[in-house]
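Sequential numbering from 835 applies to the sequence shown in our numbering.
Quick reminder that beta carbons are idealized off the backbone N, C-alpha and C, glycines included.
All values derive from a computational prediction rather than experimental measurement.
Comments concern the structure below.
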Amino acid sequence: MKSVTVTRLSLQKLDIPNGQSISQDLRVRGDSFFENGYLFEALECYNKSLCVAQTNSDILSAYECRSIVYLKAEEYKLCLDNIELACKYCDNASERLTILDERKKACLKLMRFDRPNCDSEPWNFFRLSYDANEKLPFIVDCLKLHNNKKFGRSIITTQDLQPGDIIAIDEPFFKTVTYESAHTRCINCLKPNKLNLMPSTISETAMFCSEECMEIASKTYADTTNKMHDIKQRMLFEALVICGGSFSKLKELMDASDLKKETIFSYDLSNPDDPLFKQNLLKSSMSLAQAKNVSADVINYLSHHPVLETIKDQRDKEIAETFLLRCFRILAVNSFGIEWLVPSRPQDHTKDTIVTKRAGQALCLFGSLMNHSCIPNVDRVFVQNKFVFFVRRPIFKGQQLFISYGSLFLDMPREIRQQNLKDEYGFWCCCEACVRDYPTSAVYPWTGVPIVISELSVANGWKDEFKKNCLKIVKKQNVWSQAELCLLMVRNLYLVTAIAKTEPFIF
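This is the structure:
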C-alpha cells in the first residue's frame, strides 16, 4: 500500500473554555492516543465523544477526528464516510469545511494507488479445515455428540485432527457487549466494524454498525435500550420475539425442554430462513446444563429485576422471573467471555504483564457441549462476531475435544484450580494435568517471558509463524515438556488474535 502522512490540521487546538464539555475532554484524550500511535484507543475515545456530544460542533469534531484515524490507517473508504458525516454538521462557509474538502481530495487521490489486500480479510484465513456437517454447516463433519457416565454429553472426533485445524465457526445465539466495551462493538450483532459505529439516539452506552442493527434493537428491546448490556434481559426479550410475544408459549417451551433435552445435534440448522430455525436454537439453549446452587441474594435480585416492572400481567411476570432465573443458571456454567488478549506492543512500557479484557458475554451452543481440561486440545478466538474453535494439539480419532473453562495448568496450582472448578461448575477435574500434577509456570521461569507481537501492516508474518508453531507442536509432542508445548500453544492464541483483527489489531 502507498504510505501516507497525516497532518493534524483539523485537530488544532480550538478555543475551549475552562469548563469544556465531556465530549471535548474525550476528544483530547483521543488525540493523545493518536499522537502515540494507539489508533484503536483513539477511535474508542472519539466514539465516546460522539455518544455524549450535545452540540453540532462536538458531533462534527468527533467524525472529523475519526476520519483522520482512518486516513492514517489507510482505510480510505471509512475516511470518506466520516468526512461526509462531518460535513453534515459544518457551516457552508466555515474553514473546517475547506479542511475536510482538502482531506477528501487527498483521500481520493490515495485511493487510486490503493490495492485490495486479501491478506487483511480475516475470513480468508478462518475457514473450516474439513467438509462441513450438512445439518450443522458451522462445524466440521467429523465431530459427533457422545454420551457416557463419566462426562455426560461430550464432543468426539471420528478422524485425526492436527494443530491449527479450524473445526467450528459458531455465532453465539445470545450475546451482549459490556459497558466497558460499549463503544467498540455493535450492541446488537457485536461486530466491531473497525469502530466505525453509529451512536444510539436513546442511549449513551449503545452503538450500532448499521441502520439495520439499530432498527432490530429498537424493535426488540423497546424502551429498555439502556439495559441492553444485561444478557439475561436480552435473552428474555429475544425469546419473546421468537415466541410471538407470548409468555405462555415461552413457558411451554421451557417445560418441554425439561422433559426432553435437545442439543444443536437434534436439529437441521442448515437454513437460517427456516421458520423453526430460531425456535430450535432457543430449545437447545434452554436444554443446556444448569448451575445447581444459586445464592439467596441472586434469587432475591432476579425476583426484583428492573425488567419485571415493565410487565403488567402478574402471571406473565412470574413466567419472566422463572425465565430469568433459568437463564442465570444456564449462563453460570455455559457462557463464554468475549475476550481479547492484549499482547505487549513494542511501544508499551510494561511488557512484563499480559492483559485479558472482556468485551462481552455469549452463549455458544456448540462450545457449551465441550468439557473442561486444564490442558485443553481446543482453543477459541472471537472473530468479528463469531467464535472460531481451533485445535491446539493433536487429537486422535475417537478422542474427546476439551476446552478450558478457567485457568491452564501453567497459571495456577492444581489445588486452587480444582477448588475453583468445584465451586463454580460443581465437578472435580480429572484431566491429565491434574492427575499428573503438572507444575505451574513458577517452576519454569522462562514461561513468563512476555509475548510481544509487532503491529505489522500485513498479517502474513503472523500466519507463517502460526503454521510453523503448529508443525513444531506435532514434531516436539513427545520431546518437549508439557510446559514448553503449552507455552507455544499460548503463543498461537496471541497470533490468531492478531490475525483475527481482534482488538487492538483492528486494521
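{"Query": "For F874, which of E936, T932, K1028 and D935 has the nearest alpha-carbon?", "Result": "K1028"}
{"Query": "To the nearest angstrom, how far is the alpha carbon of Q993 from that of K1231?", "Result": "4 Å"}
{"Query": "With L979 as the anchor, note down where its beta strand (DSSP E) starts and where it stops.", "Result": "L977 to N982"}
{"Query": "Cα-Cα, which of I1145, F1162, P1140 and K1151 is closest to Q1124?", "Result": "F1162"}
{"Query": "Tell me whether R1068 sits in a helix, a strand or coil according to DSSP, three-state version.", "Result": "helix"}
{"Query": "For R1160, is the classification buried or exposed, using 16 other Cβ atoms within 10 angstroms of its Cβ as the cut-off for buried?", "Result": "buried"}
{"Query": "Report back the beta-carbon spacing between S1118 and E1096 to the nearest angstrom; my notes put them in contact at under 8 Å.", "Result": "6 Å"}
{"Query": "Is S837 buried or exposed, if buried means 16 or more other CB atoms sit within 10 Å of its CB?", "Result": "Note that S837 scores 35 on pLDDT, short of 50, meaning its location in the model is unreliable; the coordinates nonetheless yield the value given after this. Flag for S837 reads exposed."}
{"Query": "Restricting to Cα atoms, I'd like to know which of F1071, Q1148, G864 and C1320 is closest to E898.", "Result": "G864"}
{"Query": "Whole angstroms is fine: what's the gap from C1198's alpha carbon to I1237's?", "Result": "13 Å"}
{"Query": "Would DSSP call G1346 helix, strand or coil?", "Result": "Nothing about residue 1346 can be reported from this structure: the residues present for the chain run from 835 to 1341 only."}
{"Query": "Cβ of I1172 within 7 Å of Cβ of A1196?", "Result": "yes"}
{"Query": "Rounded to whole angstroms, what is the Cα-Cα separation between C1263 and N1211?", "Result": "15 Å"}
{"Query": "For A907, which residues in the same chain have their Cβ closer than 7 Å to its Cβ, ignoring the five residues on either side in sequence?", "Result": "L873 and F1341"}
{"Query": "With which residues is E1173 paired in a DSSP beta bridge?", "Result": "R1192"}
{"Query": "Among all the DSSP beta bridges, which residues are the ones paired with N1205?", "Result": "F1236"}
{"Query": "Alpha carbon to alpha carbon, what distance is there between E1337 and Y1328?", "Result": "11 Å"}
{"Query": "Return the first residue and the last residue of the alpha helix (DSSP H) that K906 is part of.", "Result": "N890 to K906"}
{"Query": "For L860, collect the residues of the same chain with a Cβ closer than 8 Å to its Cβ; drop the 5 residues on either side in sequence, then sort them by chain order.", "Result": "C879, Y880, K882, S883 and V886"}
{"Query": "First and last residue of the beta strand (DSSP E) that includes F1221?", "Result": "K1220 to V1225"}
{"Query": "Quick check on the burial criterion: 16 or more other C-beta atoms within 10 angstroms. Buried or exposed for H1138?", "Result": "exposed"}
{"Query": "Kindly indicate which three-state DSSP category R949 falls into: helix, strand or coil?", "Result": "coil"}
{"Query": "Just how far apart, CA to CA, sit R1227 and I1307?", "Result": "7 Å"}
{"Query": "Classify Y904: buried if its beta carbon has 16 or more other beta carbons within 10 angstroms, exposed otherwise.", "Result": "buried"}
{"Query": "Counting Cβ pairs closer than 8 Å, one from the region 1243 to 1261 and one from the region 1217 to 1227, do we hit at least three?", "Result": "no"}
{"Query": "From the DSSP output, which residues share a beta bridge with D1213?", "Result": "F1224"}
{"Query": "Rounding to the nearest angstrom, what Cα-Cα distance links V1215 and N916 in this structure?", "Result": "30 Å"}
{"Query": "Helix, strand or coil, according to DSSP, for F1230 in the structure here?", "Result": "coil"}
{"Query": "Short of 6 Å in beta carbon distance, which residues of its chain neighbour I1001, apart from the five on each side in sequence? Order them along the chain.", "Result": "V974 and F1223"}
{"Query": "At what residues does the alpha helix (DSSP H) containing I1333 begin and finish?", "Result": "Q1316 to I1333"}
{"Query": "Give the DSSP-derived three-state secondary structure of L1110 in the structure shown.", "Result": "coil"}
{"Query": "Identify whether D1186 lies in helix, strand or coil by the three-state DSSP scheme.", "Result": "Unreliable positioning characterises D1186 in this predicted model, as indicated by a pLDDT of 43, which lies under 50. The coordinate reading is nonetheless provided below. If DSSP states are grouped into helix, strand and coil, D1186 belongs with coil."}
{"Query": "With C-beta atoms as the reference, is C1208 less than 7 Å away from L1242?", "Result": "yes"}
{"Query": "Excluding sequence positions up to five away, which residues of its chain have a Cβ less than 8 Å from the Cβ of T1012?", "Result": "H1063, R1192, A1193, G1194 and Q1195"}
{"Query": "For I1000, list the residues DSSP reports as bridge partners.", "Result": "F1224"}
{"Query": "From N1219, K1053 and C1023, pick the residue whose C-alpha is nearest to that of I827; which is it?", "Result": "The chain is shown only over 835 to 1341; residue 827 falls outside these bounds and no answer can be derived."}
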